[in-house]
Amino acid sequence: MELIVNRERCIGAGMCALMAPALFDQAADDGLVILRAEARTPQQQADAREAVAACPSGAIRSAEEPARASDCAGDGEAV
Ligand code: SF4
């Protein structure tokens, strides 16, 4: 599962890194999301979906799902 993050939208809440640490991290300097890996295994994909749902700012999404107008735009980073 390809994941897309938008660091401009991220508020550093850390839910993604908490729920899917293999996939997301936070930068040491600004606390914003860092995309670590694509979700390959079924468990990682489930974790990724939970992280997407838990992100309070809509800064992460699966490339499988179209971006909503209020969600991160297509200018994010993908792995
Ligand atoms: S959960 Fe969302 S807002 Fe929080 S660090 Fe991750 S991407 Fe950023």
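Take the position in the sequence shown, starting the count at 1, then add 31; the result is the number in this note's numbering. All C-beta atoms in this analysis are idealised placements derived from N, C-alpha and C, irrespective of residue type, glycine included.
Within 7 Å: the Cβ of residue i and any heavy atom of the ligand SF4?
| i | result |
| --- | --- |
| leucine 63 | yes |
| isoleucine 42 | yes |
| serine 93 | no |
| alanine 32 | The question names alanine, but residue 32 is methionine in the sequence shown. False, no ligand heavy atom lies under 7 Å from that Cβ. |
| glutamine 57 | yes |
| proline 87 | yes |
| alanine 84 | no |
State yes or no: is the C-beta of residue i within less than 8 Å of the C-beta of residue j?
| i | j | result |
| --- | --- | --- |
| alanine 35 | valine 64 | The residue asked about is misnamed: residue 35 is isoleucine in this sequence, not alanine. Their beta carbons are not under 8 Å apart, which means isoleucine 35 does not touch valine 64 by this criterion. |
| alanine 50 | alanine 85 | It is methionine, not alanine, that sits at residue 50 in the sequence shown. Yes, the Cβ-Cβ distance between methionine 50 and alanine 85 is below 8 Å. |
| proline 87 | alanine 59 | no |
| alanine 82 | alanine 68 | no |
Tell me the rounded alpha-carbon separation between residue i and residue j.
| i | j | result |
| --- | --- | --- |
| cysteine 41 | glycine 89 | 8 Å |
| glutamine 76 | glutamate 96 | 13 Å |
| glutamate 39 | threonine 72 | 28 Å |
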